[in-house]
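**Q** The structure is given below, and queries will be raised subsequently.
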DNA sequence: CTGCCAGAGCTTTTT
DNA sequence: GCTCTGGCAG
């Protein structure tokens, strides 16, 4: 089959496809045919005689990689393209680590821990160190787990991370450091790796064993990295380590869009993509700016969002798809009515678009709750993305725990899991049994077996699995004989659904011959819960929506403190990332883009709806590119003549004594009038010397200090933004 | 020691 | 709303 590159690709794409020697950086704007470009490039390489197994394609998700390889097959017709090496960084790292396990001194591939396992180990460490007894404020294991992961991903010390992200925990600094050290120790004892270890271990493997790097890099002639803007520091170093040492112009192609970098919170560093040309001075820079996805009115809006970016490769997307539909912004009375309006809007859209082609996007998982209720009421099928993953479901993890123990006796979290399915055994007994099993203390184990009937069964199964080498499918069958009755006991309400999930697990397992790869794949690229069951609307976090597109996209909760998230208001960098996130959300839309901002949101604190402000991202959009509507109390929505109307202070806002003019931009000097705060200042901190002085903030501009809170924060009233709690590092005090 | 209850506190995003 | 923790009874 002959591929007509010239006809199928625009000039920029063609250049990206045919430049195969030396480093290339492709800045691929949203919807600019990035996948197409990668696919054609793979095809081109193979046509030129490059062996598929010499090509490495690192993608963000397994799904993306499969999708691309499938499309290559389609373009090339039948081919050996399945042999292209691909996957996520973590998946690829695991496969190399497995291959070279002996070099690093692993008997067999250590088990991979997911987040819950890691937290289990942190819990264990906490007990051992006897930390935080009787202290309600002491951080939870989930907190420390994420701080520690952040510290490793950003390659900052824990102290630095605490300083930046969790200053209120700084008082516990020493304990927390000890806690993390203990975590590392237990992890080692149990022969476990967390996600972060995979990357750092691979780096060690490649940098400390030159012959391994030699062998690996020699086996890869072309490397392509998708979503390069989301790589973190180790990942960038790893890419480099996969090339021949001393090659100034390796065949690397990095593809990405700095405007869509949305994973800084887990260590992604936009500098990687911005500095790629510095890292590889011979790199060719190719920009894909022609957009094939969205209509021009939508692009007018997204370009307007793009204008507010700083520190980015300049770009302007254009399209030749016109449309009479402008993007819309709808201000709703409350979050409840927002949900109702969303459902109503979807019903209307469903006349034109298939349900599969409609998506509702939001900043955080919990925000879709009301919408879910309304959709259910209206009988509209939906499927939520970014929710619990298949392999995260409790029943799946229980079964996998047995398999993990069969591979690694020391896997403590796995023991905990399966032992806790036995009635009468709690964390303490489970731990004792684990220790007894490790030293094979027969007397203790026998005593326990007599006490708990189910324990007998569990231990027998584990022995069977350990002594006989079984295929994953067979092994699961053995486990289910014990586990299915337990399942019915523990989940009387929904065991049928869970049984179906286990059935699916068996199906997946049947396609594997060897246990290690089965377990590795499942914990690294857990399959999306397959439900090809017909048409459904997509509900998704913006993060999970990355790389996807729909005809109609609705974005909800575009209000301050939700989108942008309240956690991102302290730091200009975080704030910029929220804006990129908003950009990602809007660029998912092909034909219709509808933005929702409730004017009030139910608050638990006061048990009543509280007024909220429209998101600054909405205010940044010029009136000319969006049609603004406002829900009317009598029902229905009315068109507003201009965006200014929306910013007029509503009665509730006046009650809250917000400062009046809303159109304040940080640059404008707005003299702040003193005003009583919404909350009363923290007792005891009222008389600090800073009170009453003015200060500047990168995002909110000039504001008046109301009080000093905690050791390092100020409560500051910003005209136009209201009262904010800001870490002292982020404000500049003016001399009184 | 487990399992249950009540009350406190809190809510980002993911490999 | 939901999860986690501490307290308490069996």
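Numbering (this note's numbering), first residue to last: 27 to 762.
Where a beta carbon is used, it is the ideal one built from N, C-alpha and C, also for glycine.
Which ranges does the alpha helix (DSSP H) cover as unbroken runs of at least 4 residues, wholly within the segment 272–329, from first to last along the chain?
**A** Complete alpha helix (DSSP H) runs here, min 4: 296–300 and 302–305.
**Q** Provide the residue(s) that pair with residue 250 in DSSP beta bridges, ordered along the chain.
**A** Note: residue 250 sits in a beta bridge opposite 83 and 279.
**Q** Quick check on residue 427: buried or exposed, where buried means 16 or more other Cβ atoms within 10 Å of its Cβ?
**A** By the 10 Å Cβ count, residue 427 comes out buried.
**Q** Got a sec: does the ligand COA put a non-hydrogen atom nearer than 6 Å to the Cβ of residue 650?
**A** Ligands are entirely absent from the displayed structure, and the ligand COA is therefore not among its contents.
**Q** At which residue ranges does the segment 511–588 contain complete alpha helix (DSSP H) runs of 4 or more residues, listed in the order of the chain?
**A** Correct list: 521–536, 541–550 and 568–571.
**Q** Classify residue 583: buried if its beta carbon has 16 or more other beta carbons within 10 angstroms, exposed otherwise.
**A** Classification for residue 583: buried.
**Q** Report all residues from its chain with a CB closer than 7 Å to the CB of residue 155; omit the five preceding and five following residues, and keep chain order.
**A** So the qualifying residues of the chain are 204, 205 and 208.
**Q** Below 7 Å CB to CB, which residues in the same chain sit around residue 119 once its five sequence neighbours on both sides are set aside?
**A** Counting only Cβ-Cβ distances below 7 Å, and skipping sequence neighbours, we find 224, 225 and 228.
**Q** Taking just the CA atoms, how far does residue 60 sit from residue 36?
**A** About 12 Å.
**Q** Closer than 8 Å by C-beta to residue 504: which residues in its own chain qualify, once you throw out the five before and the five after it? Chain order, please.
**A** Correct list, in chain order: 487, 490, 491 and 496.
**Q** Compute the beta-carbon to beta-carbon distance between residue 657 and residue 363, rounded to the nearest angstrom, for a pair I have assumed lies under 8 Å.
**A** Their Cβ separation, rounded to whole angstroms, is 6 Å, which keeps residue 657 and residue 363 in contact under 8 Å.
**Q** Three or more C-beta pairs closer than 8 Å, one from the segment 139–157 and one from the segment 166–181: is that the case here?
**A** These segments touch.
**Q** If you draw a straight line from the alpha carbon of residue 42 to that of residue 67, how long is it in whole angstroms?
**A** Approximately 8 Å between the Cα atoms of the pair.
**Q** Is it the case that the segment 363–382 contacts the segment 398–411, given that we only count it when at least three CB pairs across the two stretches are under 8 Å?
**A** Result yes; three or more Cβ-Cβ pairs closer than 8 Å.
**Q** Taking all protein chains shown into account, do 16 or more other C-beta atoms lie within 10 angstroms of the C-beta of residue 477, making it buried, or fewer, making it exposed?
**A** Exposed.
**Q** Here's a check: name, in chain order, each residue in its chain whose Cβ is nearer than 7 Å to the Cβ of residue 424, leaving out the five neighbours to either side.
**A** Taken in chain order, the residues that qualify are 443, 444, 447 and 509.
**Q** Compare the Cα-Cα distances from residue 643 to each of 516, 719, 351 and 327 and report the closest residue.
**A** Per the Cα distances, 327.
**Q** Looking at residue 470: is its Cβ nearer than 7 Å to the Cβ of residue 441?
**A** Against a cut-off of 7 Å, the Cβ pair of residue 441 and residue 470 comes out as no contact.
**Q** Using beta-carbon positions only, say whether residue 576 and residue 383 come within less than 7 Å of one another.
**A** Their beta carbons are under 7 Å apart, which means residue 576 touches residue 383 by this criterion.
**Q** Given a cut-off of 7 Å, decide if residue 611 and residue 581 are closer than it, judged by their beta-carbon atoms.
**A** A contact, by the Cβ cut-off of 7 Å.
**Q** For the beta strand (DSSP E) holding residue 656, just list the boundary residues, first then last.
**A** Residues 653–657.
**Q** Hey, could you find the ends of the alpha helix (DSSP H) residue 262 is sitting in?
**A** Looking at the DSSP string, the run of the alpha helix (DSSP H) that includes residue 262 is 259–267.
**Q** What is the DSSP secondary structure of residue 358, counted as helix, strand or coil?
**A** Residue state, collapsed to three classes: strand.
**Q** Return the residue from the list 517, 439 and 533 that minimises the CA-CA distance to residue 213.
**A** Out of 517, 439 and 533, 439 has the C-alpha closest to the C-alpha of residue 213.
**Q** Could you pull out every unbroken beta strand (DSSP E) segment of at least 3 residues lying fully inside the segment 406–463, listed in chain order?
**A** You should have 408–411.
**Q** Could you tell me if residue 472 is buried or exposed, where buried requires 16 or more neighbouring beta carbons within 10 angstroms of its beta carbon?
**A** By the 10 Å Cβ count, residue 472 comes out exposed.
**Q** Quick one: what does DSSP say residue 493 is sitting in, helix, strand or coil?
**A** Here residue 493 sits in helix by DSSP.
**Q** Would you mind reading off the limits of the beta strand (DSSP E) that contains residue 621?
**A** Start and end: 615–624.
**Q** With a cut-off of 8 Å, do at least 3 Cβ pairs link the segment 96–103 to the segment 536–550?
**A** These segments do not touch.
**Q** What does the alpha-carbon distance come out to for the pair residue 299 and residue 263?
**A** Each residue's alpha carbon lies about 12 Å from the other.
**Q** Taking C-beta to C-beta, are residue 619 and residue 651 nearer than 7 Å?
**A** Their beta carbons are not under 7 Å apart, which means residue 619 does not touch residue 651 by this criterion.
**Q** Output needed for residue 152: all residues of its chain with C-beta closer than 7 Å, excluding positions within five of it in sequence on either side, in chain order.
**A** Same-chain partners within the cutoff: 158, 167 and 205.
**Q** Which residue spans inside the segment 109–164 form an unbroken beta strand (DSSP E) run of at least 3?
**A** Listed in chain order, they are 111–113.
**Q** Taking 7 Å as the threshold (C-beta atoms), are residue 604 and residue 615 in contact?
**A** In this structure, residue 604 does not lie closer than 7 Å to residue 615 by Cβ.
**Q** Residues in the same chain with beta-carbon distance under 8 Å from residue 419, minus the five sequence neighbours each way, listed in chain order, please.
**A** Only 524 and 527 meet the Cβ criterion.
**Q** State the start and end residues of the unbroken beta strand (DSSP E) segment that holds residue 335.
**A** Taken as a continuous stretch (DSSP letters only), residue 335 belongs to no beta strand (DSSP E), as it is neither H nor E.
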